[in-house]
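Numbered by the numbering used here, the letters in the sequence shown go through residues 6 to 490 in order. Working notes, beginning with the structure itself.
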Amino acid sequence: MQKLTRLGARRPLTAAAVVLVTGALTLAAPGSPALAASPATVDGAVHYQRIAGFGSSEAFGQASIIEDAPAAVQQQVLNLLYSPATGAGLTILRNEVGADPGSTIEPTAPASPSAPPTYVSLQSIGNDMGQLWLSQTIKADYGVRDIFADAWTAPAYMKTNGSTSNGGALCGVPGATCASGDWRGAYASFLVHYARDYAQAGVPLSYIGFENEANLAPGYDGMLMSPAQTADFADVLGPALARSGLPTRLECCATEGWDYAAQYAAAIEADPEASAFVRLFTSHGYTEAPASPLPGWYKPVWETEWSTFQSWDPAWDDGTTASGLSWAQNLYTGLTQANLGAFLYWWGTSAPTFNGDNESLVQINGSTVSASGRLWAFANYSRFVRPGAVRIGATSADGNLEVTAFRNLNGSVAIVALNAGTGPDTVSFALRHLGIASGARARPFLTDASSDTAAQASIPVQGGTLTATLPARSLVTFDIAPRRA
6 MQKLTRLGAR RPLTAAAVVL VTGALTLAAP GSPALAASPA TVDGAVHYQR
56 IAGFGSSEAF GQASIIEDAP AAVQQQVLNL LYSPATGAGL TILRNEVGAD
106 PGSTIEPTAP ASPSAPPTYV SLQSIGNDMG QLWLSQTIKA DYGVRDIFAD
156 AWTAPAYMKT NGSTSNGGAL CGVPGATCAS GDWRGAYASF LVHYARDYAQ
206 AGVPLSYIGF ENEANLAPGY DGMLMSPAQT ADFADVLGPA LARSGLPTRL
256 ECCATEGWDY AAQYAAAIEA DPEASAFVRL FTSHGYTEAP ASPLPGWYKP
306 VWETEWSTFQ SWDPAWDDGT TASGLSWAQN LYTGLTQANL GAFLYWWGTS
356 APTFNGDNES LVQINGSTVS ASGRLWAFAN YSRFVRPGAV RIGATSADGN
406 LEVTAFRNLN GSVAIVALNA GTGPDTVSFA LRHLGIASGA RARPFLTDAS
456 SDTAAQASIP VQGGTLTATL PARSLVTFDI APRRA
């Protein structure tokens with residue numbers, strides 16, 4: 006999930022390589038015969054889901070790696086991840102609510118579930134493993150405001166196994182009885198206090214969740230919660246958040262994949278109180294990719310963690326599941342088939358000394374920063390599809406062409422087209438119900454083996470049609486400015 010800023014790793018496009026002819030973006034050499042155009046349609050009258058944004062996490066200390074990096078490295082990483090001008094322009098950050106000694110706000114067990122808790126400050130636990138610093142920095146410098154948090158587990162003393170790892174359940178949920186008592190209320194207070202700390206630090210959390218991949222009992226932080234136990238605890242945390250007066254809302258359930266997601270969503274929906282308080286469903290893509298809507302769920306759905314685990318691979322198109330082109334296809338499928346409101350990679354950045362694999366979009370290796378093809382796949386969406394955008398109709402009869410389109414709150418339109426074919430593809434986009442006048446111009450941004458979301462010469466809209474030739478194995482975003490009176 007990582008990739009270094011590959012300075013010099015991508016070949017610059019030359020004037021001979023990129024040619025604009027009658028409004029067509031093409032990598033064909035001058036004088037090449039024109040290709041028959043494939044029809045596609047973008048229809049502003051057809052509306053789908055609202056988009057919250059795109060993002061990643063810096064959990065498990067990755068934020069501290071950025072915070073502690075030399076200033077030049079730190080700035081390069083932040084620009085790659087969050088700059089809407091030169092980087093991916095990510096707009097969502099997912100934090101981890103720590104439960105281990107040295108990373109939790111409640112390191113000391115109260116005498117009982119009803120005893121007064123003793124909390125420590127976020128600053129005293131390394132700025133919450135660097136996450137508080139990162140949250141404040143990206144809000145101030147890049148305008149990122151959608152910061153949410155998930156707990157992987159309750160503190161050890163609240164669990165049946167007395168450990169933050171190797172599973173264990175929360176004492177007090179159905180089927181989990183402990184001699185120490187029922188810790189559900191104490192766990193809810195712990196999470197509310199964490200959210201309050203962030204609000205007081207100037208970065209109120211948009212959402213908070215209380216479990217992560219709760220079907221697993223891993224050797225790292227985790228907690229087992231069945232769908233029924235999940236709904237039961239939502240009945241406790243939801244009202245506690247409402248009483249707090251905080252803007253933070255409840256989300257659930259950070260399931261391991263789409264196969265588990267349906268089970269947990271159904272349990273939430275079947276519990277009237279849980280359903281009333283859970284405002285967002287979250288899931289990951291590991292055991293099953295997000296490729297269909299969740300049955301019976303009508304609130305927003307986000308994919309909030311997914312990556313691959315091979316050795317570090319920054320390639321755009323090498324046939325692996327880690328390649329940028331593969332992730333461009335994942336983004337397309339998640340947005341169009343699962344109607345995702347947000348799509349997050351796992352880590353934004355990490356160092357090879359941690360795992361050294363593809364769990365991040367960017368890799369820090371000493372003073373070298375490398376950006377992966379995955380980062381630029383995200384950039385072609387996140388830079389141009391901004392929070393609050395609505396996905397609109399986009400169709401193509403070309404089996405190699407995957408098209409999505411979005412209208413932003415400012416009226417601009419982003420058309421994202423992936424040419425998965427092995428040859429260039431000339432496409433005529435019929436633009437309907439968008440209010441785009443003839444003579445308006447679309448600015449293409451190209452990502453392929455040679456270009457990283459690179460701006461190309463603008464193309465005119467003629468007679469309600471935008472025509473362009475997409476290079477083979479490329480992702481192109483057409484940015485069309487809002488109509489002016």
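Note that beta-carbon positions come from the ideal geometry of N, C-alpha and C, so glycine has one too. Just so we're clear, the structure is a prediction, and the values are computed from it rather than from any experiment.
Check, Outcome
"Is ALA222 close to chain D, meaning its C-beta is less than 8 angstroms from at least one C-beta of that chain?", "Judged by its chain identifiers, the structure shown contains no chain D, having just a single protein chain."
"In whole angstroms, give me the CA-to-CA distance for ASN405 and THR326.", "18 angstroms"
"Does the distance from the CB of VAL178 to the CB of ARG189 come in under 8 angstroms?", "yes"
"Compare the C-alpha of ASP484 against each of ARG478, PRO476, ALA459 and name the closest.", "ALA459"
"Considering only residues of the segment 297-369, which uninterrupted beta strand (DSSP E) runs meet the minimum length of 3 residues and lie entirely inside it, listed in chain order?", "306-310, 347-355"
"So, for ASN385: in the same chain, excluding its five sequence neighbours on each side, which residues have a beta-carbon less than 8 angstroms away from its beta-carbon?", "ALA333, VAL421, PHE450, THR452, THR458, LEU480, VAL481, THR482"
"So, is LEU414 buried or exposed, given that buried needs 16 or more other C-beta atoms within 10 angstroms?", "exposed"
"Is the separation between the beta-carbon of GLU63 and that of GLY353 shorter than 8 angstroms?", "yes"
"Under the rule that 16 or more other beta-carbon atoms within 10 Å means buried, what is ALA181, buried or exposed?", "buried"
"Could you name the residues that DSSP lists as bridge partners for VAL408?", "ALA422"
"Where does ARG388 fall in DSSP's three states?", "coil"
"Whole angstroms are fine: how far does the CA of GLN136 sit from the CA of THR253?", "17 angstroms"
"With 16 as the cutoff for other CB atoms within 10 Å, does GLY440 come out buried or exposed?", "exposed"
"Which ranges would you report for the alpha helix (DSSP H) in the segment 208-282 if only whole runs of at least 4 residues count?", "232-249, 263-275, 277-282"
"Restricting to Cα atoms, I'd like to know which of SER372, ALA454, ALA204 is closest to PRO3.", "Residue coverage of the chain in this structure runs from 6 to 490, which leaves residue 3 outside it and unanswerable."
"I think LEU221 touches GLY227, with their Cβ atoms under 8 angstroms apart; what is that distance to the nearest whole Å?", "6 angstroms"
"For PRO277, count the other beta carbons within 10 Å of its own beta carbon; 16 or more makes it buried, fewer makes it exposed. Which is it?", "exposed"
"Report whether the distance from the Cβ of ALA174 to the nearest heavy atom of the ligand ADP is below 7 angstroms.", "Judged by which ligands are present, the structure shown has none, so any question about the ligand ADP falls away."
"Based on Cα-Cα distance, which residue from ARG248, ALA247, PHE286 lies nearest to ALA266?", "PHE286"
"Taking C-beta to C-beta, are GLY173 and SER117 nearer than 8 angstroms?", "no"
"Which of helix, strand or coil does DSSP assign to GLU72?", "helix"
"Can you tell me where the beta strand (DSSP E) with GLY49 in it begins and where it stops?", "43-55"
"If contacts are defined as beta-carbon pairs under 8 angstroms, then THR313 and ASN363 qualify, I think. What distance do you get, rounded to the angstrom?", "5 angstroms"
"Could you give the distance in angstroms between the alpha-carbon of SER194 and the alpha-carbon of GLY92?", "38 angstroms"
"My output table needs one value for PHE195: the three-state DSSP class, helix, strand or coil.", "helix"
"First and last residue of the alpha helix (DSSP H) that includes GLU145?", "For the sequence presented, residue 145 should be read as Ala rather than Glu. Taken as a continuous stretch (DSSP letters only), the alpha helix (DSSP H) holding ALA145 covers 136-147."
"Just to confirm my understanding: we take ASP202, look at its own chain, exclude 5 residues before and 5 after, and list those with CB closer than 6 angstroms. What are they?", "LEU127"
"Provide the residue span of the beta strand (DSSP E) that contains ASN413, from first to last.", "Per DSSP, ASN413 belongs to no beta strand (DSSP E) and is neither H nor E."
"If I measure Cβ to Cβ from THR46 and keep anything under 6 angstroms in the same chain, skipping five residues before and after, which residues do I get?", "THR400, ALA435"
"May I ask you to report which of helix, strand or coil DSSP gives ILE130?", "helix"
"Am I right that GLU218 and ALA259 are in contact with their C-beta atoms under 8 angstroms? What's the rounded C-beta distance?", "6 angstroms"
"Going by CA-CA distance only, name the one from GLU261, PHE282, ALA281, CYS257 that's closest to ALA270.", "CYS257"
"Beta-carbon separation of ALA474 and ASP430 under 8 angstroms?", "Rather than Ala, the amino acid found at residue 474 in this sequence is Thr. Contact flag set, yes."
"Hey, quick one: how far does the beta strand (DSSP E) through LEU475 stretch, first residue to last?", "470-475"
"Whose C-beta lies closer than 6 angstroms to the C-beta of TYR162 among residues of the same chain, with five residues either side of it excluded?", "ALA114"
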